[in-house]
Amino acid sequence: MPSTVLRLCYAFFSPKKVSHLETTRIYNGKNMPNLETSSKKLKVLHTAVDLFNINGFHNTGVDLIVKKSKIPKATFYNYFHSKERLVETCLTLQKSRLKEEVLAIVYSHRYPKTVDKIKEIVCLHVDVNSFYHLLFKAIFEIKQIYPRAYGMAVEYRKWLLRELFDLVFSLESRALKPDANMVLNLIDGLMLQTLSSNSLDERDMVLEWFLI
Numbered sequence: 001m002p003s004t005v006l007r008l009c010y011a012f013f014s015p016k017k018v019s020h021l022e023t024t025r026i027y028n029g030k031n032m033p034n035l036e037t038s039s040k041k042l043k044v045l046h047t048a049v050d051l052f053n054i055n056g057f058h059n060t061g062v063d064l065i066v067k068k069s070k071i072p073k074a075t076f077y078n079y080f081h082s083k084e085r086l087v088e089t090c091l092t093l094q095k096s097r098l099k100e101e102v103l104a105i106v107y108s109h110r111y112p113k114t115v116d117k118i119k120e121i122v123c124l125h126v127d128v129n130s131f132y133h134l135l136f137k138a139i140f141e142i143k144q145i146y147p148r149a150y151g152m153a154v155e156y157r158k159w160l161l162r163e164l165f166d167l168v169f170s171l172e173s174r175a176l177k178p179d180a181n182m183v184l185n186l187i188d189g190l191m192l193q194t195l196s197s198n199s200l201d202e203r204d205m206v207l208e209w210f211l212i
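Per full-length UniProt numbering, the sequence shown starts with residue 1, numbered consecutively.
See below:
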């Protein structure tokens, strides 16, 4: 079972509104001071994710995070103990939410063909506002300084590769059938292009050509 904080993380980052009653259920009747503390902790997480995405892991220090979060530095260390723990929590959150989104596509009946599911998964990842953005940056930036957090990003990519393999294997008969590694490389290449141009036009054009 996910921890209380992680479960509330899902609620906080979910596009769906969470009612007061649902929030109370998450906390199983815990008192309001605990709820208020966890709510502030989630806001710090949200702020940190935004800063890491914009500035990178190296250029986002604890001082900047506490300043933007409007909390004392002592409170930050009470919540997370270290920047490393904060990074791990942020990646855990992004990874969990992204897995939920991918599985929702995989098992959805909205898409008439398997190729449409693959396209939707690519689009889910290739977006500067996607949950994948932070995991993608982690691959390039934190291998040496935060190896455990880096391992979380690697684990997600291995998981995604397995999901893509199953989808590609079930593709309808095609003259040229891509493999799972090609799709993952496509995601990475398009993500780099999107980050450099801040445009999704090329993503959609390449997708139409690649998965025609």
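Every residue gets a Cβ at the ideal spot worked out from N, C-alpha and C, and that includes glycine.
Quick caveat, the model's predicted, so the values are computed rather than measured.
- Counting along the chain, where does the alpha helix (DSSP H) carrying D63 start and finish? Here residue 63 refers to the residue found at position 63 of the sequence shown. Taken as a continuous stretch (DSSP letters only), the alpha helix (DSSP H) holding D63 covers V62 to S69.
- Message: Which same chain residues end up closer than 8 Å to S170 when comparing Cβ atoms and leaving out the 5 residues on each side of it in sequence?
- Response: In the sequence shown, residue 170 corresponds to position 170, counting from 1. Closer than 8 Å at Cβ, skipping near neighbours: T114.
- Express the C-alpha separation of N78 and R110 in angstroms, rounding to a whole number. As a first step, residue 110 is located in the sequence shown; it is residue number 110 there, counting from the start. As a first step, residue 78 is located in the sequence shown; it is residue number 78 there, counting from the start. The alpha-carbon atoms of R110 and N78 are separated by roughly 45 Å.
- Query: Thinking C-beta only, is V49 closer than 8 Å to residue 263?
  - Reply: The structure shown does not extend to residue 263, since the chain is modelled only from 1 through 212, so no value can be given for it.
- Message: Using C-beta distances below 7 Å, list every residue in its chain close to T60, excluding the 5 sequence neighbours before and after it, in chain order.
- Response: Along the sequence shown, one-based indexing puts residue 60 at 60. So the qualifying residues of the chain are L51 and F52.
- Task: Compare the Cα-Cα distances from A104 to each of I118, T194 and S38 and report the closest residue.
- Result: Along the sequence shown, one-based indexing puts residue 104 at 104. For A104, the nearest C-alpha among the options comes from I118.
- Item | Limits of the alpha helix (DSSP H) - the one that K137 falls within | In the sequence shown, the residue the question calls residue 137 occupies position 137. Unbroken alpha helix (DSSP H) run through K137: Y132 to E141.
- Item | Backbone secondary structure at I54 - three-state DSSP | As a first step, residue 54 is located in the sequence shown; it is residue number 54 there, counting from the start. Of the three classes helix, strand and coil, the one that applies to I54 here is helix, per DSSP.
- Message: Output needed for I142: all residues of its chain with C-beta closer than 6 Å, excluding positions within five of it in sequence on either side, in chain order.
- Response: Along the sequence shown, one-based indexing puts residue 142 at 142. These residues qualify, in order along the chain: F57, A149 and Y150.
- Task: Check whether the segment 120-128 touches the segment 41-48, counting contact only when three or more Cβ pairs, one atom from each stretch, lie closer than 8 Å.
- Result: no
- Look at the alpha carbon of E163 and the alpha carbon of V102, and state the distance between them as a whole number of angstroms. Position 163 of the sequence shown, counting from 1, holds the residue named residue 163. Position 102 of the sequence shown, counting from 1, holds the residue named residue 102. Taking the straight line from one Cα to the other gives about 9 Å.
- Message: Using only the alpha-carbon positions, how far apart do D188 and P178 sit?
- Response: Here the question's residue 188 lines up with position 188 in the sequence shown. Here the question's residue 178 lines up with position 178 in the sequence shown. Going by the C-alpha atoms only, they are around 15 Å apart.
- Whole-angstrom distance between N181 and L93, CA atom to CA atom: As a first step, residue 93 must be located in the sequence shown, where it is residue number 93. As a first step, residue 181 must be located in the sequence shown, where it is residue number 181. Approximately 25 Å, taken between the alpha carbons.
- Message: Give me the residue from L98, D166 and S197 with the minimum Cα distance to L134.
- Response: For the purposes of this step, residue 134 is identified with residue 134 of the sequence shown, where counting begins at 1. Looking at the Cα atoms, L98 is the closest of the given residues.
- Query: Using DSSP with H/G/I as helix, E/B as strand and the rest coil, what is L164?
  - Reply: By one-based count along the sequence shown, residue 164 stands at place 164. In the structure shown, L164 sits in a helix (DSSP, three-state: H, G or I).
- Query: In whole angstroms, what separates the C-alpha of M191 from that of T75?
  - Reply: The residue labelled residue 191 in the question sits at position 191 within the sequence shown. The residue labelled residue 75 in the question sits at position 75 within the sequence shown. Near 35 Å, if we compare the C-alpha coordinates of T75 and M191.
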